[in-house]
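Visitor: For reference, the structure I am asking about is given below.
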Amino acid sequence: MDFPSVNYEMLTPVNFIKRSVEVYPDKLAVVNGDKRYTYREHYARINRLASALKKQGIGRGDKVAFISPNTAPMLEAHFAVPMLGAVLVTINIRLSAPEVSYILNHSDTKICFVDNEFAGTVVANLGELPKVRAFVNICDASNDCPLNGTDYESLLMTGSPEALDIDVDDERSVCSLNYTSGTTGKPKGVMYHHRGAYLNSLGDCLETGLTSESVYLWTLPMFHCNGWCFPWAVTAAGATHVCLRKVVPDEIFKQIMTEKVTHMCAAPIVLIGMANAPAFKNLNPEKPLKIAVGGAPPSPTIIRQMESIGAQVNHVYGLTEVYGPYTICAWHDEWNSLPADEQSSIRSRQGVAYTVCQFLDVVDAQTMEPVPRDGKTIGEVVMRGNVVMLGYYKDPEGTEKAFKGGWFHSGDLAVMHPNNYIQILDRQKDIIISGGENISTVEVENVLYRHPDVLEVAVVAVPDSKWGEVPKAFVTPKPGSNPTAEDLIAFCKENLARFKAPKTVEFIELPKTSTGKVQKFVLRKKEWAGLDKKVN
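So the number in my numbering is just where the residue sits in the sequence shown, counting from 1, plus 1137.
What follows is the structure in structure tokens.
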């Protein structure tokens, strides 16, 4: 007779729901609009979905896609699909029809679940999706079923609420496929494995202080890096998920107060929207609010604004290729005595590796040797360990390039401070070299964010016949404000070395990805159009 191992068990984040339903069966697990599910009810729905998919022939290695905002079905998919040994493909709801078609075809998706609000991106190219054998309508916002196929709740009724065994035979098998935001070129399919997802989920719990008393608001898209692994992390803690279909300030404020939210994650653009909403000044969270911010370095200004309502902002840094967050700016008590501006400046650093992340360094890209820990010498951020992706799906060349020298290369330029905290200065492609001098676009942006009339800003290199390239600022003013280019340039010259100040300013609405990242490549492309090379 074969017995299970006494001292080894595969790691999979699916196990988190099994424990939480045993420990907290009647505790509130999910809030989704006017629907509320206990952990017992949540687990039953997950098993119904898994068994229904199994009846549809879904098993190990099969791809199941979800095009959905932050709803209960999206959350349930994070457990039901990998429970079968299948692979969850979460797709950005703001992509165009051609982009969605590319991902569905490239990923070899067999069944695609589509929230009816976003069905248009699929309907437009139905004839170009030969690999998708079935569609399921998620009727969360309305009862319309625009795609030929059953609706989500009807599908659940074909499944059983009884617990299914987890059909995973290798903890390094793929559990999810996350496509990069495509800020340059075609999106790449990033393969996450069960072991990495399990470990990074525990890292989320540890670094952000999630407990069974926590209430987590879904302001971060679950389609982005599987919501930084928080679908699994919040469940591991036995905490409450509050789903948020539309991430807009008034809804955020309403849920914070109504559900007594304690935790949320967001890109800086979400916090900027909150801080500039009229109702922000009246926000008074009943419980201490912890906010993990990432996706771009938050300006010290926005950190101070969040702290004004008693929120604690933790800056995390990572990439799709490392399951979302890889570092956190872990706070030291002695920093509490520093001036407010200095505290905010420290909080905007990327910090140190998550406890579950094994290796992090800043190295010379040519020699792969660590740079001096002096807070001045620039190098590339590299990572290695259990929470680095398996690789890019169907892209061995891209994988080999990303893993050159036995490290994952982030493409981010940073310095390492004497206390081993890293600080990102720029993306390699975003650094400006003007007359031989390096200019960090992030540094210039942070100064402009301090100007009272600036809502959003992005700085890029533009061609210059004398200096090769110079900074240009693209600015979105605050509502009701009318700053001039001359005002902003003068402000920068007062707060920066003069050569770092933008030479020109243009007032526009910044192009962004759905996760709030500014698409600087769009701005650069316009400025360098017609030139043979993109640097001078």
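The beta carbon of each residue, even a glycine, is placed where N, CA and C say it ideally should be.
On a predicted model such as this, the values are computed, not experimentally measured, just so you know.
#1: Cα separation between Ser-1157 and Arg-1177?
#2: Name the DSSP beta bridge partners of Val-1201, please?
#3: Which residues bound the alpha helix (DSSP H) around Glu-1600?
#4: For Leu-1232, is the beta carbon positioned less than 7 Å from some heavy atom of the ligand GTP?
#5: Can you name, in chain order, every residue of its own chain whose Cβ lies under 8 Å from the Cβ of Gly-1286, other than the five neighbours on each side?
#6: Can you find at least 3 beta carbon pairs, one from the stretch 1407 to 1421 and one from the stretch 1475 to 1486, that sit closer than 8 Å?
#7: Suppose you measure from the CA of Gly-1410 to the CA of Ile-1228; what does that come to, to the nearest Å?
#8: With a 10 Å radius around its C-beta and 16 neighbouring C-beta atoms as the bar for buried, classify Glu-1423 as buried or exposed.
#9: Which partner residues does Leu-1550 have in the DSSP bridge list?
#10: Distance check for Tyr-1353 and Thr-1372, CA to CA, integer angstroms please.
#11: Which residue comes first and which comes last in the beta strand (DSSP E) that contains Ala-1271?
#12: Tell whether a beta-carbon distance below 8 Å holds between Phe-1644 and Val-1612.
#13: Leaving aside the five residues before and after His-1179 along the sequence, list all residues of the same chain whose C-beta is less than 6 Å from its C-beta, in chain order.
#14: Rounded to whole angstroms, what is the Cα-Cα separation between Gly-1447 and Gly-1170?
#15: Which of helix, strand or coil does DSSP assign to Thr-1320?
#16: Under the assumption that Ala-1187 contacts Gly-1296 (Cβ atoms under 8 Å), give the Cβ distance between them as a whole number of angstroms.
#17: Output needed for Lys-1663: all residues of its chain with C-beta closer than 6 Å, excluding positions within five of it in sequence on either side, in chain order.
#18: Starting from Pro-1437, trace the alpha helix (DSSP H) both ways and give me its first and last residue.
#19: Classify Lys-1191 as helix, strand or coil using the three-state DSSP reduction.
#20: Looking at C-alpha atoms only, which residue of Glu-1580, Ile-1570, Asp-1563, Ile-1303 is the closest neighbour of Thr-1438?
#21: Under three-state DSSP, which class holds Phe-1540?
#22: Please name the residue, chosen from Glu-1606, Ser-1313, Asp-1511, Asn-1619, that lies closest to Arg-1332 on a Cα-to-Cα basis.
#23: Sort Ile-1240, Asp-1306, Trp-1604 by Cα distance to Gly-1222 and report the nearest one.
#24: What first and last residue would you give for the beta strand (DSSP E) that runs through Asp-1498?
#25: Got a sec, what are the start and stop residues for the beta strand (DSSP E) Asn-1575 sits in?
#26: Could you give the distance in angstroms between the alpha-carbon of Leu-1343 and the alpha-carbon of Thr-1399?
#27: State the Cα-Cα distance for the pair Asn-1619 and Asp-1590, rounded to the nearest angstrom.
#28: Counting only C-beta atoms, is Asp-1277 closer than 8 Å to chain B at any point?
#29: Mind checking Leu-1562: buried by the 16 CB within 10 Å criterion, or exposed?
#30: So, under 8 Å CB-CB, His-1215 and Asn-1337 are touching, yes? Tell me the CB distance rounded to an integer number of Å.
#31: Would you say the stretch 1481 to 1489 touches the stretch 1455 to 1467, given that touching needs at least three Cβ pairs under 8 Å?
#32: Taking the continuous alpha helix (DSSP H) assigned at Cys-1342, which residues delimit it?
#33: Return the bridge partner residues of Glu-1606 from the DSSP annotation.
#34: Below 8 Å, can you find three or more Cβ-Cβ pairs linking the stretch 1535 to 1548 to the stretch 1583 to 1599?
#35: Can you find the residues in the same chain that come closer than 7 Å, C-beta to C-beta, to Val-1642, ignoring five residues on each side of it along the sequence?
Guide: This is what the structure gives:
#1: Counted from its first residue, the sequence shown places residue 1157 at position 20. Counted from its first residue, the sequence shown places residue 1177 at position 40. Taking the straight line joining both Cα atoms gives about 9 Å.
#2: As a first step, residue 1201 must be located in the sequence shown, where it is residue number 64. BP columns for Val-1201 point to Leu-1225, Ile-1248.
#3: As a working mapping, residue 1600 is identified with position 463 in the sequence shown. Correcting the residue identity first, residue 1600 is Pro in this sequence and not Glu. It is not in any alpha helix (DSSP H) - Pro-1600 instead sits in the beta strand (DSSP E) that spans 1591 to 1601.
#4: What this structure holds is no ligand at all, so the ligand GTP is not there to describe.
#5: What you label residue 1286 is simply residue 149 of the sequence shown in a count that begins at 1. Around Gly-1286: Ala-1271, Phe-1272, Val-1273, Asn-1274.
#6: no
#7: Here residue 1410 refers to the residue found at position 273 when the sequence shown is read from its first residue. Here residue 1228 refers to the residue found at position 91 when the sequence shown is read from its first residue. Those two C-alpha atoms are separated by around 24 Å.
#8: Position 286 of the sequence shown holds residue 1423. Exposed: under 16 other Cβ atoms inside 10 Å.
#9: Position 413 of the sequence shown holds residue 1550. Glu-1517, Asp-1563, per the DSSP bridge assignment.
#10: For this step, residue 1372 is matched to residue 235 along the sequence shown. For this step, residue 1353 is matched to residue 216 along the sequence shown. Their backbone Cα atoms lie some 10 Å apart in a straight line.
#11: Counting from 1 along the sequence shown, the entry for residue 1271 is found at position 134. 1271 to 1275 is the span of the beta strand (DSSP E), which, as asked, contains Ala-1271.
#12: Position 507 of the sequence shown, counted from the first residue, corresponds to residue 1644. Position 475 of the sequence shown, counted from the first residue, corresponds to residue 1612. Yes, these two residues count as a Cβ contact at 8 Å.
#13: Residue mapping note: residue 1179 aligns to position 42 of the sequence shown, counting from 1. Excluding sequence neighbours, His-1179 sits near Ala-1166, Val-1167.
#14: In the sequence shown, counting from the first residue as 1, residue 1447 sits at position 310. In the sequence shown, counting from the first residue as 1, residue 1170 sits at position 33. About 26 Å.
#15: Sequence index remark: in the sequence shown, residue 1320 carries index 183 (1-based). Confidence in Thr-1320 is poor, its pLDDT being 48 and thus under 50, which makes the residue's placement unreliable; the coordinate value appears in the next sentence. In the structure shown, Thr-1320 sits in coil (DSSP, three-state: anything other than H, G, I, E or B).
#16: As a working mapping, residue 1187 is identified with position 50 in the sequence shown. As a working mapping, residue 1296 is identified with position 159 in the sequence shown. That belief holds up - the Cβ atoms of Ala-1187 and Gly-1296 are roughly 7 Å apart, short of 8 Å.
#17: Translated into positions along the sequence shown, residue 1663 becomes position 526. Nothing listed; no residue qualifies.
#18: In the sequence shown, residue 1437 corresponds to position 300, counting from 1. Counting along the chain, the alpha helix (DSSP H) containing Pro-1437 begins and ends at 1437 to 1444.
#19: On the sequence shown, position 54 is the one that residue 1191 refers to. Residue state, collapsed to three classes: helix.
#20: The residue labelled residue 1438 in the question sits at position 301 within the sequence shown. Among Glu-1580, Ile-1570, Asp-1563, Ile-1303, the Cα nearest to that of Thr-1438 is on Glu-1580.
#21: By one-based count along the sequence shown, residue 1540 stands at place 403. In the structure shown, Phe-1540 sits in coil (DSSP, three-state: anything other than H, G, I, E or B).
#22: For the purposes of this step, residue 1332 is taken as the residue at position 195 of the sequence shown. Nearest option by C-alpha distance: Ser-1313.
#23: By 1-based counting over the sequence shown, the position of residue 1222 is 85. Among Ile-1240, Asp-1306, Trp-1604, the Cα nearest to that of Gly-1222 belongs to Asp-1306.
#24: Here residue 1498 refers to the residue found at position 361 when the sequence shown is read from its first residue. Here the beta strand (DSSP E) through Asp-1498 covers 1496 to 1500.
#25: Along the sequence shown, one-based indexing puts residue 1575 at 438. Start and end: 1574 to 1576.
#26: Mapped onto the sequence shown, residue 1343 falls at position 206. Mapped onto the sequence shown, residue 1399 falls at position 262. If you take the alpha carbons of Leu-1343 and Thr-1399, they lie about 15 Å apart.
#27: One-based indexing of the sequence shown puts residue 1619 at position 482. One-based indexing of the sequence shown puts residue 1590 at position 453. Distance between the alpha carbons of Asn-1619 and Asp-1590: 7 Å.
#28: Among the protein chains of the structure shown there is no chain B, as only one such chain exists.
#29: For the purposes of this step, residue 1562 is identified with residue 425 of the sequence shown, where counting begins at 1. Label assigned to Leu-1562: buried.
#30: Stepping through the sequence shown from its first residue, residue 1215 is reached at position 78. Stepping through the sequence shown from its first residue, residue 1337 is reached at position 200. The pair is not a contact, with the Cβ atoms about 13 Å apart (cut-off 8 Å).
#31: yes
#32: Position 205 of the sequence shown, counting from 1, holds the residue named residue 1342. Where Cys-1342 is concerned, the enclosing alpha helix (DSSP H) stretches over 1331 to 1345.
#33: To locate residue 1606, count along the sequence shown from 1; it is residue 469. Its beta-bridge partners are Pro-1600.
#34: no
#35: In the sequence shown, residue 1642 corresponds to position 505, counting from 1. Only Ala-1610, Val-1612, Ala-1622, Leu-1625, Ile-1626 meet the Cβ criterion.
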